[in-house]
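Colleague: Structure provided below as structure tokens; questions to follow.
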């Protein structure tokens, strides 16, 4: 599949998220589809950023994080 081909996804959201989305549509004059696509692109670009070995070790718990930084 190339980057121009589009598919349709169905997503269920709670009522609060639906209201927030509708409010954002009014504020931005964008469609719900455009806002959801933009949010998904931003989210996925953030989680796909290259992480260092140190970051991955912290996340996995290999390197312990002190529970209270005041005592260090």
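Numbering (the working numbering), first residue to last: 704 to 775. No residue lacks a Cβ here, since even glycine has one placed at the ideal position from N, Cα and C. No experiment lies behind these values; they were computed from the predicted model shown.
Identify the continuous alpha helix (DSSP H) that holds residue 748 and give its terminal residues.
Modeller: Note, residue 748: alpha helix (DSSP H), 735-750.
Colleague: Per DSSP, what kind of secondary structure is residue 762 in: helix, strand or coil?
Modeller: In the structure shown, residue 762 sits in a helix (DSSP, three-state: H, G or I).
Colleague: Going by the beta-carbon positions, is the gap between residue 708 and residue 724 smaller than 8 angstroms?
Modeller: Not in contact: residue 708 and residue 724 (Cβ atoms no closer than 8 angstroms).
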